[in-house]
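Asks:
Number of protein chains: 2
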Amino acid sequence: MTTEGLAADRLLLNRTSTAERVAAILRSRISEGYFLPGARLAEDTIGTALGVSRNTLREAFRLLSHERLLVHELNRGVFVRTLSIEDVIDLYRVRVLVECGVVRTITEVPRGIDQLVAAVSDGEEALRRQGWQALGTANLKFHEALVALAESPRTDELMGGVLAELRLVFHVMADPKRFHEPYLARNKEILALLQQGDGPAAAEALAVYLRDAEEQLVKAYRDTQPSTFA
Amino acid sequence: MTTEGLAADRLLLNRTSTAERVAAILRSRISEGYFLPGARLAEDTIGTALGVSRNTLREAFRLLSHERLLVHELNRGVFVRTLSIEDVIDLYRVRVLVECGVVRTITEVPRGIDQLVAAVSDGEEALRRQGWQALGTANLKFHEALVALAESPRTDELMGGVLAELRLVFHVMADPKRFHEPYLARNKEILALLQQGDGPAAAEALAVYLRDAEEQLVKAYRDTQPSTFA
DNA sequence: CGTAGAGGATTGTTCTACAATTCACACTAT
DNA sequence: ATAGTGTGAATTGTAGAACAATCCTCTACG
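Quick mapping for you: the protein sequence lines, in order, are chains Z and R. Under the numbering used here, the letters of the first sequence match residues 59 to 288, in that order. Under the numbering used here, the letters of the second sequence match residues 59 to 288, in that order.
#1: Going along chain Z in order, which residues have a C-beta closer than 7 Å to the C-beta of R:D148?
#2: Is R:N113 close to chain Z? Criterion is C-beta to C-beta, closer than 9 Å.
#3: Going by DSSP, which residues form a beta bridge with R:F93?
#4: Could you check where the alpha helix (DSSP H) with R:E131 kicks off and where it finishes?
#5: Counting Cβ pairs, one atom from each stretch, are 3 or more of them under 8 Å apart for the segment 223-231 of chain Z and the segment 136-153 of chain Z?
#6: Pair every Cβ in the segment 240-257 of chain Z with every Cβ in the segment 196-203 of chain Z, then say whether three or more of these pairs are closer than 8 Å.
#7: Z:L221 by DSSP, collapsed to three states: which one?
#8: If distances are taken between C-alpha atoms only, which option among Z:P211, Z:L249, Z:E273, Z:Y241 comes closest to Z:V161?
#9: Taking beta-carbon pairs under 9 Å, can you tell me which members of the segment 159-171 of chain Z lie near chain R?
#10: When you compare only the Cα positions, how much space is there between Z:S111 and Z:R120?
#11: Please tell me whether Z:A265 and Z:C158 are closer than 9 Å, where the distance is taken between their beta carbons.
#12: Is the beta carbon of R:Y150 closer than 9 Å to that of R:L275?
#13: So, is the C-beta of R:R280 closer than 9 Å to a C-beta in chain Z?
#14: Taking Cβ-Cβ distances shorter than 7 Å, what residues in chain Z pair up with R:V152?
#15: If you check the beta carbons only, do Z:L207 and R:S210 fall under 9 Å apart?
#16: Cα separation between Z:A118 and R:G255?
#17: I'd like to know whether the C-beta of R:A77 is nearer than 9 Å to at least one C-beta of chain Z.
#18: Reducing DSSP to helix, strand and coil, say where R:V205 ends up.
#19: At which residue ranges does the segment 128-162 of chain Z contain complete alpha helix (DSSP H) runs of 4 or more residues, listed in the order of the chain?
#20: To the nearest angstrom, how far is it from the Cα of Z:N113 to the Cα of Z:R134?
#21: Where does Z:R373 fall in DSSP's three states?
#22: For R:H124, go through chain Z and note every residue whose CB falls closer than 9 Å to its CB, in chain order.
#23: For Z:T8 and R:H130, I'd like the C-alpha separation in whole angstroms.
#24: Mark Z:P168 as exposed unless 16 or more other C-beta atoms lie within 10 angstroms of its C-beta, in which case mark it buried.
#25: Would you identify the three-state DSSP class for Z:R98, choosing helix, strand or coil?
#26: Could you work out which residues of chain R lie near Z:E117, taking near to mean beta carbons separated by less than 8 Å?
#27: For R:L155, would you say it is in contact with chain Z, using Cβ-to-Cβ distances shorter than 9 Å as the test?
#28: Using a Cβ-Cβ cut-off of 7 Å (strictly less than) and excluding sequence neighbours within five positions of R:L115, which residues of its own chain qualify?
#29: Would the beta-carbon of Z:A222 fall within 9 Å of that of Z:L128?
#30: Mapping DSSP to helix, strand and coil, what is R:D24?
#31: Work out the CA separation of R:E144 and Z:R280 for me, nearest whole Å.
#32: Rounded to the nearest angstrom, what separates Z:E183 and Z:I147 at their Cα positions?
#33: Rounding to the nearest angstrom, what Cα-Cα distance links Z:V152 and R:E125 in this structure?
#34: So is Z:T195 in contact with chain R if we call contact Cβ pairs under 9 Å?
#35: If you drop the 5 nearest sequence neighbours on each side, which residues of the same chain put their C-beta closer than 6 Å to that of Z:Q174?
#36: Report the three-state DSSP secondary structure of R:T165 (helix, strand or coil).
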């Protein structure tokens, strides 16, 4: 008997702790906007609602705080993170650095191109159905697939976190439709360049894309969050 | 009364929880090699040694697990991370992506140049005194200062973690002296290029540097860690 | 109108308890 | 001998109670 193909099964068998499952629930609730930025997550309320002890819940909170989705204020509790304008700017600085850096080095049609194609067609589907939430998701998926081209687990995780933070920004914006819509065409353009194996050109297009998105986002964000004290 | 210069004081006043202080202690112990990769940190032992409850200690463990310094195995406890060769390769992939990406965009003498100068002179000082541990630290400091040129908190944090992971690799290596020594001159060379404001050239030198370091490290690491099962 | 203080609510931390799981070691059967 | 089996001790996972520390609200007083 060999143990060859069993490595994959290990993840299935790998039971997770209650704290991690709780964290997963809260994470998706936050990312879907059920808990909005600034909302307080009281230990008592959430603990009884999910039927877990304070110990376990606090472990989950720690996990999410470290992912920057929650902020922990001593003796005050945990809150869904509210990003400042500086945060948004920093997020885009990282995006430019990483996304463009990854794309730039590409010289032939990359292996993970299918994921990019899938993300674009997801976006078109969402546009037809007027599903703006789905359009935003497809857009993030596109960029996640972009960094996946680096085939680096740590880079994937980093950008996963960055994009999760960006979702927090979208949730406090007035009109996500108008924001996400125009970028579908630009994703398509970048995809086309990559299908030609022209990484540098794609990186250049991406840089312009990100610069525009940041500017627009910062402008829109400044309105919704008038004075958050730095 | 203005609230201008109080932002800095906030960190001082910002009391940390016991869990964070415990995490800080363990973090430095790990980074200085007191706990070597693979070592198990038992809740009971460490809890009584530091005089904190299991709950608090577990919170500290969570923090460090998220920083990848510890791995948490369900019902088995936490262990100091043992990096695989794949990890080392991935770490260098991230380093190339981020460090070179940051340096490459520089077109004039950057603001944070002093830190780089300081790191190089730290390295020379360590070399004179034959302090190999200090030489390694100075080297990491140099690269930390390099990414600091991006002036992006998230990038700083990311690379802080990456370099902390690399320290784990160094601790299981036989002869850190021979490894660190030759890179001091190359740091100096990169610094010189940056002092001329030539980012692209510095990025190129850095890329070669990192490629060499990775190769050497992987080779040395493969010997000390013969078969860690993937 | 502003301020000080009392009281209640919430979090920080420890402790105890028990279930679930792993690990080490002895024991059996071939 | 050796592989497999099983038992029990040790450790982690989770819950819950308890109390201290801190924050928030609201009232009363100047």
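Note that the Cβ used here is the ideal one computed from N, Cα and C, for glycine as well.
Replies: By the coordinates alone:
#1: Looking up residue 148 of chain R in the second sequence gives position 90. Under the 7 Å cutoff, chain Z gives S210, P211, R212.
#2: Locating residue 113 of chain R in the second sequence gives position 55, where the first residue counts as 1. The beta-carbon of R:N113 is placed less than 9 Å from the nearest beta-carbon of chain Z.
#3: Position 35 of the second sequence, counted from the start, is the residue given in the question as residue 93 of chain R. Per DSSP, R:F93 has no beta bridge partner at all.
#4: The residue labelled residue 131 of chain R in the question sits at position 73 within the second sequence. That residue, R:E131, is in no alpha helix (DSSP H); its beta strand (DSSP E) goes 128-131.
#5: Judged by pairs of C-beta atoms under 8 Å, the segment 223-231 of chain Z touches the segment 136-153 of chain Z, as three or more such pairs exist.
#6: Counting Cβ pairs under 8 Å, three or more are found: they touch.
#7: As a first step, residue 221 of chain Z is located in the first sequence; it is residue number 163 there, counting from the start. Here Z:L221 sits in helix by DSSP.
#8: Here residue 161 of chain Z refers to the residue found at position 103 of the first sequence. Considering only alpha carbons, the answer is Z:L249.
#9: Residues G159, V160, R162, T163.
#10: Walking along the first sequence from the start, residue 111 of chain Z turns up at place 53. Walking along the first sequence from the start, residue 120 of chain Z turns up at place 62. One C-alpha to the other measures close to 14 Å.
#11: In the first sequence, residue 265 of chain Z corresponds to position 207, counting from 1. In the first sequence, residue 158 of chain Z corresponds to position 100, counting from 1. Contact flag set, yes.
#12: In the second sequence, counting from the first residue as 1, residue 275 of chain R sits at position 217. In the second sequence, counting from the first residue as 1, residue 150 of chain R sits at position 92. In this structure, R:Y150 lies closer than 9 Å to R:L275 by Cβ.
#13: As a working note, residue 280 of chain R is residue 222 in the second sequence. False, the Cβ-Cβ gap to chain Z never drops below 9 Å.
#14: Position 94 of the second sequence, counted from the start, is the residue given in the question as residue 152 of chain R. What R:V152 touches in chain Z: S210, R212, T213.
#15: Your numbering for residue 207 of chain Z matches position 149 in the first sequence. Your numbering for residue 210 of chain R matches position 152 in the second sequence. Taking 9 Å as the Cβ cut-off, Z:L207 and R:S210 do not qualify as a contacting pair.
#16: Counting from one through the first sequence, the residue named residue 118 of chain Z turns up at place 60. Counting from one through the second sequence, the residue named residue 255 of chain R turns up at place 197. Cα to Cα, the separation comes out at about 46 Å.
#17: Position 19 of the second sequence, counting from 1, holds the residue named residue 77 of chain R. For R:A77, the closest Cβ of chain Z is nearer than 9 Å.
#18: Indexing the second sequence from 1 puts residue 205 of chain R at position 147. The three-state reading of DSSP puts R:V205 in helix, counting H, G and I together.
#19: Fully enclosed alpha helix (DSSP H) runs of 4 or longer: 143-153, 159-162.
#20: Position 55 of the first sequence, counted from the start, is the residue given in the question as residue 113 of chain Z. Position 76 of the first sequence, counted from the start, is the residue given in the question as residue 134 of chain Z. Going from the Cα of Z:N113 to the Cα of Z:R134 covers about 17 Å.
#21: Here chain Z covers residues 59 to 288 and nothing more, so residue 373 of chain Z does not appear.
#22: Taking the second sequence and counting its residues from 1, the one referred to as residue 124 of chain R is at position 66. Think of a sphere of 9 Å around the beta carbon of R:H124: the chain Z residues whose beta carbon falls inside it are R120, L121, H124, E125, in chain order.
#23: A query on residue 8 of chain Z cannot be resolved here, the shown segment of chain Z reaching from 59 to 288 and no further.
#24: One-based indexing of the first sequence puts residue 168 of chain Z at position 110. It counts as buried.
#25: Residue 98 of chain Z sits at position 40 when you count from the first residue of the first sequence. In this structure, DSSP gives Z:R98 an extended state, which the three-state scheme calls strand.
#26: By one-based count along the first sequence, residue 117 of chain Z stands at place 59. R116, E117, R120, listed in chain order.
#27: Locating residue 155 of chain R in the second sequence gives position 97, counting from the first residue. Closer than 9 Å to some Cβ of chain Z, the Cβ of R:L155 qualifies, so yes.
#28: For the purposes of this step, residue 115 of chain R is taken as residue 57 along the second sequence, with counting starting at 1. Apart from the 5 residues on each side of it in sequence, R:L115 sits with its Cβ closer than 7 Å to the Cβ of V80, E101, I104, G105 in its chain, given in chain order.
#29: Taking the first sequence and counting its residues from 1, the one referred to as residue 222 of chain Z is at position 164. Taking the first sequence and counting its residues from 1, the one referred to as residue 128 of chain Z is at position 70. In terms of Cβ geometry, Z:A222 and Z:L128 do not form a close pair [threshold 9 Å].
#30: Here chain R comprises residues numbered 59 to 288, so residue 24 of chain R is not present and cannot be evaluated.
#31: Taking the first residue of the first sequence as position 1, residue 280 of chain Z is located at position 222. Taking the first residue of the second sequence as position 1, residue 144 of chain R is located at position 86. The straight-line gap from Cα to Cα measures roughly 43 Å.
#32: Taking the first sequence and counting its residues from 1, the one referred to as residue 183 of chain Z is at position 125. Taking the first sequence and counting its residues from 1, the one referred to as residue 147 of chain Z is at position 89. Taking the straight line from one Cα to the other gives about 30 Å.
#33: For the purposes of this step, residue 152 of chain Z is taken as residue 94 along the first sequence, with counting starting at 1. For the purposes of this step, residue 125 of chain R is taken as residue 67 along the second sequence, with counting starting at 1. Each residue's Cα considered, the two are about 19 Å apart.
#34: Locating residue 195 of chain Z in the first sequence gives position 137, counting from the first residue. Contact of Z:T195 with chain R is not assigned, every C-beta pair being separated by 9 Å or more.
#35: Numbered from its first residue, the first sequence carries residue 174 of chain Z at position 116. Looking at the sequence provided, one finds Leu at residue 174 of chain Z rather than Gln. Apart from sequence neighbours up to five positions away, the residues of its chain that approach Z:L174 with a beta-carbon distance below 6 Å are A203, L249, ordered along the chain.
#36: The sequence position of residue 165 of chain R within the second sequence is 107, counting from 1. In the structure shown, R:T165 sits in coil (DSSP, three-state: anything other than H, G, I, E or B).
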